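Chains as they are written, first to last, in the numbering used here: chain A, 277 to 554; chain B, 277 to 554. All remarks here apply to the structure that follows.
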């Protein structure tokens, strides 16, 4: 089964919501935790308790683990493994991007079933060209895992590069979306969602067209950053059933109490219902 | 002292050469090593022996360590620390790129003196916009560390994105170079090299202009991939003293014998002499 189909199944009961695990310094401090690997471990365990049986897609932010080197990565491994064992899908937010055998190394790190960091999906960055990412697309196809390619992000510094148009007037972000759509086309022809998703900010005034994507859409910018449920639906259009808003700050702000975080997840997910699956 | 100045000092005695540590599967196998963390550790130790007192700039490829999760990162930490203790500069080839506090997390991971992965420099990727990388530029300035921003890479899939021109006819890769140059300008005004470098393929037929960069240039594509010493000089122009070709395959192919690798380094470095420093 493709990652897109797994995600639609999960959303049918849990809603179309992606919740981040973002153990940055200020959040560790506001939870009363030390800013070290012990704090990181405790933060991660609380998130696993709160999200593993409530959220369709959980997104650990790799940078906040990497900051603590190998000790941080050991906690990330445990976090990913426990979340997946307990039944939710995990996208590791790594934004990796390289070429050839190096890209294959990253693909293996995040999507190979035998890797200690093995995740359901990974985020990648296309500055080296969309098809420099082929090794991760191939591994995803092989194992029914997912890839989210950065396309149009919501940060203001991104516009200069991502909105730039080619001679035909097609923006870089639209080119990325169209190339992802081409990889999903064989699945879409069968009425199914493919493995290749994109990242699209929910606060964009001129987002790329997504109507033929046929894969999942990760949408940061909802909640604290201003994006609403109707923004998500409007940007995603025909692909709204595949749009997964990423909400982190407002949910993590209700921690470390696990029941409070579960409540916050339930309230937020109610704004983004999934669709029944046959 | 800036990273650029440290690099010029190192090059004055060791030559302008960056040698990669690329423990990919086929190389481990051809060295007679197992494809696991033990093989990774032995490969890395041999590279440290061969390069630490011969090469100006050593570039471990993070993907090949990440592939083994936290256990791989532990070996990477040891490799970086030993190389630096023994007197060479280390650029971790991580190609990270994110925004805000997440980018600050990556900056801290690779450039904070207290991090177990603390390196002299790190490679970063600008798909989220050049100034999304500000947190890593700021940390580099603070500690005299270096950043190499991907600008014009040598892989064919990159052309489509990196050569795309804005309304003024300026390519994306040139925009990246110009923005890096702006950060180095205060140092260049004093006749010094700054902290912000770029990555430029040595095999490009239409490279961006580098004459005002004022920072280091990492140039993959030399040696096995076809780039020559005269290509490096021609592309770098006025900045040739700051151009560091990255040669990995041809040197690593002479391993695991350490004396052979040292010989290969000496021969290669002779093609890229540094300049005396006052």
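Note that CB positions come from ideal geometry on N, CA and C, so glycine has one too. If you're wondering where the values come from, they're calculated on a predicted model, not measured in any experiment.
Taking a cut-off of 8 Å on C-beta distances, the segment 398-405 of chain A touches the segment 416-427 of chain A, as three or more cross pairs fall below it. Residue 426 of chain A is bridged by DSSP to A:475. For the pair residue 534 of chain B and residue 325 of chain B, the CB atoms are nearer than the 7 Å cut-off. Proximity of residue 377 of chain A to chain B, defined by a Cβ-Cβ separation below 7 Å, is satisfied. When Cβ pairs closer than 8 Å are counted between the two stretches, the segment 495-504 of chain B is seen to touch the segment 461-480 of chain B, the count reaching three or more. For residue 462 of chain A, no beta strand (DSSP E) run applies; the uninterrupted alpha helix (DSSP H) run containing it begins and ends at 448-464, by DSSP. With fewer than 16 other Cβ atoms from the protein chains shown falling within 10 Å of its own Cβ, residue 329 of chain B counts as exposed. Within chain A, 339, 371 have C-beta atoms less than 7 Å from the C-beta of residue 374 of chain B, given in sequence order. Taken in chain order, the complete beta strand (DSSP E) segments of 3 residues or longer contained in the segment 352-385 of chain B are 365-372. Residues 301, 304 of the same chain have their beta carbon placed closer than 6 Å to that of residue 311 of chain B, with the five preceding and five following residues left out of the count. Between residue 335 of chain B and residue 294 of chain B, the C-beta gap is smaller than 7 Å, which places the two residues in contact. Under the three-state reduction of DSSP output, residue 519 of chain B falls in the strand class. For residue 318 of chain B, no CB of chain A lies under 7 Å from its own CB, so it is not counted at the interface with that chain. The beta carbon of residue 551 of chain B sits no closer than 7 Å to any beta carbon of chain A.
Per DSSP, the beta bridge partners of residue 495 of chain A are A:521.
According to the DSSP assignment, residue 280 of chain A belongs to no beta strand (DSSP E) but to the alpha helix (DSSP H) extending over 279-290.
Taking 7 Å as the CB threshold, residue 440 of chain A lines the interface with chain B. Partner residues in the beta bridge of residue 294 of chain A, as assigned by DSSP, are A:333, A:522. Around the beta-carbon of residue 506 of chain A, fewer than 16 other beta-carbon atoms lie within 10 Å, marking it exposed. Ranked by how close their Cα comes to the Cα of residue 376 of chain A, the residues B:387, B:352, B:433, B:468 have B:433 in first place.
Within the model, the alpha-carbon separation for residue 458 of chain A versus residue 283 of chain A is close to 20 Å. At a cut-off of 7 Å between beta carbons, residue 349 of chain B contacts chain A. Annotation for residue 514 of chain B: 487 place their beta carbon closer than 7 Å to its own, counting only its chain and skipping 5 residues before and after.
For residue 417 of chain B against residue 392 of chain B, the beta-carbon gap comes to about 22 Å, at or over 8 Å, which does not count as contact. Here residue 400 of chain A is bridged, per DSSP, to A:372, A:425.
Going by C-alpha positions, residue 357 of chain B is about 46 Å away from residue 443 of chain B.
Taking the Cβ atoms as the reference, residue 497 of chain B lies roughly 19 Å from residue 456 of chain B, outside the contact range of under 8 Å. The continuous alpha helix (DSSP H) containing residue 302 of chain A extends over residues 301-306.
Between residue 438 of chain A and residue 440 of chain B, the C-beta gap is not smaller than 7 Å, which leaves the two residues out of contact. The shortest CA-to-CA distance from residue 554 of chain B to any of B:467, B:511, B:483 is the one to B:467.
One thing to note: residue 332 of chain B has its Cβ within 7 Å of the Cβ of residue 286 of chain B.
Burial check for residue 413 of chain A: the Cβ neighbour count within 10 Å reaches 16 or more, so the residue is buried. Burial state of residue 342 of chain B is buried, judged by a 10 Å Cβ sphere holding 16 or more other Cβ atoms.
Counted as a single uninterrupted DSSP element, the stretch harbouring residue 407 of chain A is not any alpha helix (DSSP H), since DSSP gives it neither H nor E. Residue 435 of chain B: member of the alpha helix (DSSP H) spanning 435-438, first to last residue. In this structure, the CA atom of residue 447 of chain B is about 24 Å from the CA atom of residue 370 of chain B.
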